[in-house]
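Shown next, in structure tokens, is the structure this report addresses.
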Amino acid sequence: MKLNLTILLLISVFCAQGQLLSWTPEYFGDNATVTITMDANFGNRGLLGHSDTNVYVHTGVITNLSSTPVDWRYVKFGNQNPFNVTVPALKATSAGSNRWTFTISNVRTYYGVPAGETIQRIAILFRSGNGQKVQRNGDGSDMYIPLDINPSTLKMRLKSPFKEPRFNPVSVGICQTVGGQVAINAQSSQTAQLRLLVNGNQVSSVSGTSISSNFTIAQAGPQRIVAEARVAASTPVFTFSGNGAYNNPANWQGGQMPPSLVPSGTEVIINPAPGGTCTLDATQYPVSFSTGSRLTIANNANFIINGNFSVPSESEFQGGFLTARDTVDFFVAAPTVVEALPSGVAQNGVTYSPDNTSATLVLYAPNKSSIVVLGDFNDWKPDLSYQMKRTPDGLRYWVTINGLTPGQEYAYQYVIDCNLIVADYNSEKILDPWNDPQIPAATYPNLKPYPTGKASDIVSVLEPGKPVYNWRYPNFQRPDKRNTVHYELLIRDYAQPASFQTIIDSLPVLAALGINTLKLMPFTEFENNNSWGYYPSFMFAVDKFYGTENKLRELIDSCHGRGIAVVLDMVLNHQFGQSPMVRMYWDAASNKPATNSPWFNPDARHPFNVGFDMNHEAPATIEFVERVMQHWLVKFKLDGFRWDLSKGFTQRNTPTDVGAWNAYDQSRVNIWQRIYNQSQAIAPGCYMILEHLGNDDEEAALANMGMLLWGKMTNEFNEASMGYLANSNFQRAYHTTRWSSFGGNNTPHLVAYAESHDEERLMHKNRRFGNQRVPPASAPPFYTTQELAEASRRMQQVAGFLFTIPGPKMLWRHGEFGYDASINMCENFTTPNNDNCRTAIKPPVTAMPNPFYSLAVPGGGFTFLNYKTNTSRNSIRDTYASMIRLRTGNNSYLPTFVTNNVNFSLGGACKWQIIQSNELRIVVVGNFDMVQRVGGVSFPTTGTWQLYAHNVIGSSFSAINGNLSATTMNVTTNNQGFTLSPGTFLVFIDRPAVLAFNLNSFEASVAAGNVHINWQVDGEQHVAGYEVERSFDGLHYEVVSRREGRTGMPGSKYTYSDGNRAVVYGQKPVYYRLRVTDQNGGYIYSQTVEVDPMQSWSQTATAPAALLRTMKP
403 MKLNLTILLL ISVFCAQGQL LSWTPEYFGD NATVTITMDA NFGNRGLLGH
453 SDTNVYVHTG VITNLSSTPV DWRYVKFGNQ NPFNVTVPAL KATSAGSNRW
503 TFTISNVRTY YGVPAGETIQ RIAILFRSGN GQKVQRNGDG SDMYIPLDIN
553 PSTLKMRLKS PFKEPRFNPV SVGICQTVGG QVAINAQSSQ TAQLRLLVNG
603 NQVSSVSGTS ISSNFTIAQA GPQRIVAEAR VAASTPVFTF SGNGAYNNPA
653 NWQGGQMPPS LVPSGTEVII NPAPGGTCTL DATQYPVSFS TGSRLTIANN
703 ANFIINGNFS VPSESEFQGG FLTARDTVDF FVAAPTVVEA LPSGVAQNGV
753 TYSPDNTSAT LVLYAPNKSS IVVLGDFNDW KPDLSYQMKR TPDGLRYWVT
803 INGLTPGQEY AYQYVIDCNL IVADYNSEKI LDPWNDPQIP AATYPNLKPY
853 PTGKASDIVS VLEPGKPVYN WRYPNFQRPD KRNTVHYELL IRDYAQPASF
903 QTIIDSLPVL AALGINTLKL MPFTEFENNN SWGYYPSFMF AVDKFYGTEN
953 KLRELIDSCH GRGIAVVLDM VLNHQFGQSP MVRMYWDAAS NKPATNSPWF
1003 NPDARHPFNV GFDMNHEAPA TIEFVERVMQ HWLVKFKLDG FRWDLSKGFT
1053 QRNTPTDVGA WNAYDQSRVN IWQRIYNQSQ AIAPGCYMIL EHLGNDDEEA
1103 ALANMGMLLW GKMTNEFNEA SMGYLANSNF QRAYHTTRWS SFGGNNTPHL
1153 VAYAESHDEE RLMHKNRRFG NQRVPPASAP PFYTTQELAE ASRRMQQVAG
1203 FLFTIPGPKM LWRHGEFGYD ASINMCENFT TPNNDNCRTA IKPPVTAMPN
1253 PFYSLAVPGG GFTFLNYKTN TSRNSIRDTY ASMIRLRTGN NSYLPTFVTN
1303 NVNFSLGGAC KWQIIQSNEL RIVVVGNFDM VQRVGGVSFP TTGTWQLYAH
1353 NVIGSSFSAI NGNLSATTMN VTTNNQGFTL SPGTFLVFID RPAVLAFNLN
1403 SFEASVAAGN VHINWQVDGE QHVAGYEVER SFDGLHYEVV SRREGRTGMP
1453 GSKYTYSDGN RAVVYGQKPV YYRLRVTDQN GGYIYSQTVE VDPMQSWSQT
1503 ATAPAALLRT MKP
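Below, the structure is given as structure tokens:
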């Protein structure tokens, strides 16, 4: 049972005698008593230096009914108890020197395995009492002890050099040079003729059950140790005579076929006539031979095998004897050759030859002695020709791999200083044996299989001549960073399936919202699949859980085609234990990065650190960060980065003092100035967005350098939306409020937001904790902000104020629908009173659990709602779209949304703000109280103002001064007053809005004998008209309806009903599309919708809300 923990995957390098696990007796059956000894000096050293009195085992068994190597059965601890619970009966006994023992009496009885179920292995871990330290194999896998299933069968096992007790044991720990000595010890399961062979030469022989020897390494290169035991063989039980085909189950001797697993001690003889041919067909009945069985082909016969047929390699019958063998292979490195990098080879990573038949691998690895490459190209066998050379400065290792096939992928790993086996941290693609099996084939087609049986742990992939992406929009012009509207989303949770393709398919909806920047949570390769992505491991690789690297490029390209920039959430404050950069320089005794790590601090320098803290003043880290930025900005044409935990990029040591960490830090400012300068040299104008959340003085300094900074206003906006006024002043959403004292008055670089991935959702708190007015009978009626319709109106209020404040803005995934699943909702849709499920998968907006909040699963279970079909929630979406499109839909309005010419009063019940430039003036007023209020505001000019947006219900407001209509207000005097019911907001602009045209929706529905066509648009000031076109074959269209354009409120709606009998009673689908014509005679088409009246008399088809190109004002 592989526990989902973040662990350090480290292989110990020891030449001394000893091993990770040993047990007595060496060979035992399921009714035996066995004592297990664990030595924490080996493996991952998870318990090295741990208290002797606080170690417990976690154990189960692998049986013939286990489905996988991690399918533990009859677990004594872990399934029934949390991993941090101690069970006295499972406490290990200290044996001193970082060793512990545990005894199991009668294996079958101890685990409670029923008769008839075969116990194959004991699975075991040793861990600390609190579960924070776990002793495992060096690759992080579970530890296993084999049972002697058939005691009468001869077996042989090498004890030294030892093998790590993985599911399939692997030899580790032999680190030698030419002239060094290796001690060998082996033990057989019964008295036999024993011998030891080294590189094919016998070095010792004896009769008994144990044999030992020492040998001196004579030359560098691959080495092989073989321990062999031999006894007289048993009688063969299957013999096939005569020529012909032996098909299952017919034609076997006596009309019987051998069992699917030929047991140990059995010989199968193929004995046709001399020179004859015999075909064994195992297509339908696969046959495998156990260790200790033999297949003999007599008379020099031709033998043809069809199907799944496995022949043993380590044990066989020979001349009337049964031979059992155990083998250890290892490699002795030659002295490392010092040689400069070839001309034209990059300083790091993989460089391919022009003809893509060779690749030069370069690894930055100072203070290492030798590195060898293993991979598909050498069948994962170390060889001197794959030992890397070292550059004269001692910093890099390199080797050129020849004979590659263009377009073919090759997996590989590095063996560093004998036994540390890691993937290449420069990898642009990896294979993960634990997580790749969960990746859907539709998301990542034709994923290269993991090299099972040849490698363990993560492997890198290189591909000479891999497909090149052809960019459709190579010269994208980024939106002005001061007026970007960021839509933050986690690909995993936005919609299903979780993939880049799903986001591509959703772009029409996102574009219709008006956003011009898509901020994606981490998609560089991170630990596990089900994650927010903040456990990074390979910074140059795309996480395959979301799709291929060219599918990511397609997503970025598609965004650019819609005028949307793409920002990656970059995580370089830290790395975790899966990262090869961490593993390459590790202090096992202290369980932290070594002091000679080129990239990491041994101890974190700030109190909010997670994982292992990067040293951003170290030369290697400086170079690494620059390369990471170059990779994504150039190869993927990303538009910038949001830097996670940017305040952690410091070497000033404040490990526990949050106040000192927050204080102005010139060294941190210098680090960010350098990173910013590097980014601008790579891609001028790219965005640098910091999740700094620091003191105003330091943030202002960074903003003045050109960086954008997150401006959290969640609490203030949420207090306002819930109807609590005391802490509802959100004036710090203005850069002029935050930074004016530090020279930031003219720097609109504050990314103000009410919601982000890290904060509780506003709508959730509105509906759970919103204010309520419960008056006496004679007072105004009951009023609550918890009710869905009113909570939705409050979200509209937030949008009306937030998106008119100058400077960049951000909204969180589905906030436009009032997403109310708590940040702490679990995958079973319950919401506990803790944050244990904070990063768990959340439901998509089209399948939201009802009730939206519950501590336990309701008796009848949850029902599920599609928020996109709810009127109240669509009102939020419409307001968000209107407010966002006001600032992104016409570039001439830009001066208004970057100005410092602002006035506001945001501390009371009736809040107002005025934002103005010569291009556009905006007045916003709203009542956030629980009762009706009169709000006053001084308009900057008199004359006709447009009522651009509001959430008025009926006659819930009136103007005290001025002549107010449904869409305009004649301002005769500057001072105006409005009587506003609770939750109401108004947005006025001083001229009619002229926005880029946008098709919000286009759909066809079949009902009551008609096909109803409906569409909704924004920004139609330059639209001359619309034509609905119909086709019966999807190729040839005719116009069936015309409509004139009009310049009404945002969200103008149109409809047409088609009652043509050929449509309604036709025998095939019907296609509709919309042609939009501008006043200059130009036109554009919508995408097509298809309906089939024969399939259903009640159906709706919706086209992506997108035009084939965009019409600008």
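So the sequence shown is numbered by my numbering: it starts at 403 and just counts up by one. Just so it is clear, CB atoms sit at the ideal spot from N, CA and C, and this is done for glycine as well.
Is the region 432-446 in contact with the region 499-507, if contact means three or more CB pairs nearer than 8 Å? yes
Pick from Leu467, Phe564, Ile1077: whose alpha carbon is nearest that of Gly1108? For the purposes of this step, residue 1108 is identified with residue 706 of the sequence shown, where counting begins at 1. Taking only the C-alpha atoms, the option nearest Gly1108 is Ile1077.
Beta-carbon contacts of Thr1241 that lie in its chain and below 8 Å, excluding the five residues immediately before and after: Stepping through the sequence shown from its first residue, residue 1241 is reached at position 839. Closer than 8 Å at the Cβ level, and outside the excluded window around Thr1241, lie Ser933, Trp934.
What residue range is occupied by the uninterrupted alpha helix (DSSP H) comprising Lys1167? Against the sequence shown, residue 1167 aligns to sequence position 765. Where Lys1167 is concerned, the enclosing alpha helix (DSSP H) stretches over 1164-1171.
Measuring straight from C-alpha to C-alpha, what distance separates Asn616 and Ser606? Here residue 616 corresponds to residue number 214 of the sequence shown, with the count starting at 1. Here residue 606 corresponds to residue number 204 of the sequence shown, with the count starting at 1. Roughly 9 Å separates the two Cα atoms.
Taking 6 Å as the limit between beta carbons, can you name the residues of its chain near Asp826, skipping five residues before and five after? As a working note, residue 826 is residue 424 in the sequence shown. Only Ser862 meet the Cβ criterion.
Which value, in whole angstroms, describes the spacing of the CA atoms of Gly1447 and Gly1291? Translated into positions along the sequence shown, residue 1447 becomes position 1045. Translated into positions along the sequence shown, residue 1291 becomes position 889. Taking the straight line joining both Cα atoms gives about 18 Å.
Given this structure, state the Cα-to-Cα distance separating Met1516 from Thr1186, to the nearest angstrom. No information on residue 1516 is available, as it lies outside the stretch 403 to 1515 that the chain covers here.
Report buried or exposed for Gln1481, applying the criterion of at least 16 other Cβ atoms within 10 angstroms of its Cβ. Taking the first residue of the sequence shown as 1, we reach residue 1481 at position 1079. That one is exposed.
Residue nearest to Val608 in terms of C-alpha spacing, selected from Ala594, Gln621, Ala620, Asn601: Translated into positions along the sequence shown, residue 608 becomes position 206. Ranking Ala594, Gln621, Ala620, Asn601 by Cα distance to Val608 puts Ala594 first.
Sheet register partners of Ser1454 (DSSP bridge): Within the sequence shown, numbered from 1, the residue matching residue 1454 stands at position 1052. Bridge pairing for Ser1454: Val1419 [DSSP].
Classify Thr435 as helix, strand or coil using the three-state DSSP reduction. Sequence index remark: in the sequence shown, residue 435 carries index 33 (1-based). Of the three classes helix, strand and coil, the one that applies to Thr435 here is coil, per DSSP.
What first and last residue would you give for the alpha helix (DSSP H) that runs through Cys961? Here residue 961 refers to the residue found at position 559 of the sequence shown. Here the alpha helix (DSSP H) through Cys961 covers 951-963.
Less than 8 Å separating the beta-carbons of Ile773 and Val817? Residue 773 sits at position 371 when you count from the first residue of the sequence shown. Residue 817 sits at position 415 when you count from the first residue of the sequence shown. In this structure, Val817 lies closer than 8 Å to Ile773 by Cβ.
So, at 7 Å on beta carbons, what are the nonlocal neighbours of Arg955 in its own chain, with the 5 sequence-adjacent residues on each side left out? In the sequence shown, counting from the first residue as 1, residue 955 sits at position 553. Excluding positions up to five away in sequence, the list reads Tyr871, Phe1038.
Val1408 (DSSP reduced to helix, strand or coil): As a first step, residue 1408 must be located in the sequence shown, where it is residue number 1006. Reduced to three states, the DSSP call for Val1408 is strand.
Separation of Ala585 from Ser612, as counted between CA atoms: On the sequence shown, position 210 is the one that residue 612 refers to. On the sequence shown, position 183 is the one that residue 585 refers to. Their backbone Cα atoms lie some 14 Å apart in a straight line.
By Cβ distance below 8 Å, which residues in the same chain neighbour Phe1264 in space, the five residues on each side in sequence not counted? Your numbering for residue 1264 matches position 862 in the sequence shown. Short of 8 Å from the beta carbon of Phe1264, and not among the five residues preceding or following it, lie these beta carbons of its own chain, in chain order: Phe1231, Pro1251, Asn1252, Pro1253, Ser1256.
Cβ-Cβ distance between Val633 and Leu556 below 8 Å: Within the sequence shown, numbered from 1, the residue matching residue 633 stands at position 231. Within the sequence shown, numbered from 1, the residue matching residue 556 stands at position 154. In this structure, Leu556 lies closer than 8 Å to Val633 by Cβ.
In angstroms with no decimal places, state the Cα-to-Cα distance between Pro737 and Cys577. Within the sequence shown, the letter at position 335 stands for residue 737. Within the sequence shown, the letter at position 175 stands for residue 577. Approximately 13 Å, taken between the alpha carbons.
Three or more beta-carbon pairs under 8 Å between the region 1202-1215 and the region 1128-1141, yes or no? yes
Would you kindly check if the distance between the Cβ of Val1491 and the Cβ of Phe1404 is under 8 Å? The residue labelled residue 1404 in the question sits at position 1002 within the sequence shown. The residue labelled residue 1491 in the question sits at position 1089 within the sequence shown. For Phe1404 and Val1491, yes; Cβs fall inside 8 Å.
Using 8 Å for Cβ pairs, my map puts Gly805 next to Thr753. What's the rounded Cβ distance? Counting from 1 along the sequence shown, the entry for residue 805 is found at position 403. Counting from 1 along the sequence shown, the entry for residue 753 is found at position 351. So it is not a contact: roughly 16 Å between Cβ atoms.
Look at the Cβ atom of Pro869, then the Cβ atom of Thr919, and state whether they are nearer than 8 Å. For this step, residue 869 is matched to residue 467 along the sequence shown. For this step, residue 919 is matched to residue 517 along the sequence shown. Going by C-beta atoms, Pro869 is not nearer than 8 Å to Thr919.
Determine the closest residue to Asn446 out of Pro563, Ala991, Gln977, with distance taken between C-alpha atoms. Position 44 of the sequence shown, counted from the first residue, corresponds to residue 446. Out of Pro563, Ala991, Gln977, Ala991 has the C-alpha closest to the C-alpha of Asn446.
Span separating the alpha-carbon of Ala1154 from that of Asn885: Counting from 1 along the sequence shown, the entry for residue 1154 is found at position 752. Counting from 1 along the sequence shown, the entry for residue 885 is found at position 483. About 11 Å.
Along the chain, where does the alpha helix (DSSP H) that runs through Glu1118 open and close? Along the sequence shown, read from residue 1 onward, the residue named residue 1118 stands at position 716. Note, Glu1118: alpha helix (DSSP H), 1116-1124.
Sequence-distant residues of the same chain with beta carbon closer than 6 Å to Glu1229, five excluded per side: Taking the sequence shown and counting its residues from 1, one reaches residue 1229 at position 827. Cβ neighbours of Glu1229 beyond the five flanking positions: Ala1242, Ile1243.
Cβ-Cβ distance between Gly1145 and Met1090 below 8 Å: For the purposes of this step, residue 1145 is taken as the residue at position 743 of the sequence shown. For the purposes of this step, residue 1090 is taken as the residue at position 688 of the sequence shown. Against a cut-off of 8 Å, the Cβ pair of Met1090 and Gly1145 comes out as no contact.
Hey, does Tyr1487 have any beta-carbon neighbour from chain D nearer than 8 Å? Absent from the structure is chain D; it holds one protein chain and no more.
For Lys946 and Asn848, I'd like the C-alpha separation in whole angstroms. Here residue 946 is taken as the residue at index 544 of the sequence shown, counted from 1. Here residue 848 is taken as the residue at index 446 of the sequence shown, counted from 1. For Lys946 and Asn848, the distance between alpha carbons rounds to 12 Å.
Would you kindly report the start and end of the unbroken beta strand (DSSP E) that includes Pro1021? Indexing the sequence shown from 1 puts residue 1021 at position 619. First-last for Pro1021: 1021-1032, but that is the alpha helix (DSSP H), not the beta strand (DSSP E).
Give me the residue from Glu1028, Thr488, Ala1406 with the minimum Cα distance to Gln749. Looking up residue 749 in the sequence shown gives position 347. Closest by alpha carbon: Glu1028.
Any alpha helix (DSSP H) of 4 or more consecutive residues that is wholly inside the region 1043-1121: 1060-1064, 1068-1084, 1098-1107
Pull the bridge partners of Gly1427 from the DSSP assignment, please. Position 1025 of the sequence shown, counted from the start, is the residue given in the question as residue 1427. DSSP, once it has assigned bridges, lists Glu1446, Thr1479 as partnering Gly1427.
Which partner residues of Arg529 appear in the DSSP bridge assignment? Counting from one through the sequence shown, the residue named residue 529 turns up at place 127. Looking at the DSSP output, Arg529 shares a beta bridge with Tyr458, Val536.
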